[in-house]
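Let me begin by presenting the structure, written as structure tokens, before commenting on it.
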Amino acid sequence: MGFQRARTDEQRNERRRQILGAAASMLTEMPVSELTLNGLSRRACLAKANVLRYFESREAVLLELLEAEGAHWIAELEREAVPGGGEVRERENRLAELLASSLARRPVLCDLVSAQATVLEHNISVETAIRHKHAVRGQLEALVRFIVRHLPELGDEGASALVRTVLIVVGSAWPSSRPPEALLAVYAADPSLAALQIDFEDVVRHTVEVTASGLLARRQ
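All residue numbers for the sequence shown refer to the working numbering, where the first residue is 252 and numbers rise by one.
Here you go:
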């Protein structure tokens with residue numbers, strides 16, 4: 252059966268979900284840098300021109316996938332909320348553990364975050380950029396509310412600073428924690444250099460603990 256153009260909103264939305272699902276599947280097998288529009292069209296069983304009927308570029312596909320992955324992460328945080336009560340330091344540590352472990356379980360989200368500024372936000376229209384930034388702002392506000400519920404001592408301003416710091420660290424620590432084969436061989440061959448290898452989850456956990464403590468100290 253040949254290609255059939257989607258003619259209703261439901262059909263068009265289904266076609267978009269098909270493309271996003273194909274992209275998500277590919278990112279479990281390869282990094283963002285290796286995902287091409289040609290490869291995506293083959294995985295989605297669509298011609299390249301037909302993929303571009305629904306998304307203006309590869310980057311637009313990945314931006315929407317980033318938004319979806321971010322929404323899933325926030326929903327997971329809400330389900331696994333940090334138990335209340337206890338001293339501030341205890342709540343800081345529990346929050347740090349939750350954020351670090353939940354991000355480590357979401358490699359696709361972390362890879363997309365690390366590519367957001369340098370890759371995903373290029374080759375898109377102003378309209379797509381505006382829609383994306385509104386979606387991001389909504390997710391950042393949801394994360395701030397989540398932080399404040401568990402560390403109200405931070406206030407909205409402190410929680411916002413913590414969220415921004417965590418996302419910046421994810422963007423830099425994730426690719427650094429995924430070294431190429433040559434560096435893995437170096438670390439295996441020379442244990443004295445193994446300390447240079449980054450443990451992503453540990454870096455995020457430590458960043459949350461130290462940043463939250465510093466922000467609280469400044470408020471006091």
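Just so you know, even glycine gets a beta-carbon here, dropped at the ideal spot from N, CA and C.
Predicted model only: the values in this text are computed from it and were never measured.
Residue i to residue j span [Cα, whole Å]
i, j, result
"L313", "L271", "8 Å"
"E280", "Q471", "47 Å"
"G409", "V461", "13 Å"
"R342", "R400", "11 Å"
"N301", "R340", "53 Å"
"W324", "R396", "14 Å"
"N344", "L447", "25 Å"
"A319", "S443", "41 Å"
"H383", "L350", "23 Å"
"S411", "A463", "11 Å"
Presumed contact (8 Å Cβ cut-off) between residue i and residue j, rounded CB distance
i, j, result
"A295", "A273", "4 Å"
"R309", "T287", "7 Å"
"L360", "G389", "Not quite, the Cβ-Cβ distance comes to about 16 Å (not below 8 Å), so this is no contact."
"L405", "L413", "7 Å"
Nearest neighbour of residue i, chosen from the options [CA to CA]
i, options, result
"G422", "L346, V370 and R342", "V370"
"S427", "R266, A347, V454 and I381", "V454"
"L418", "R263, Q262, E315 and V387", "V387"
"P430", "A445, K384 and I398", "A445"
"D450", "A326, L291 and W425", "W425"
Residue i classed as buried or exposed, judged by whether at least 16 other C-beta atoms fall within 10 angstroms
i, result
"D362", "buried"
"M252", "Annotation note: pLDDT 38 at M252 (below 50); position unreliable, no value reported."
"G337", "exposed"
"V377", "exposed"
"I381", "exposed"
"Q262", "exposed"
"R356", "exposed"
"T458", "buried"
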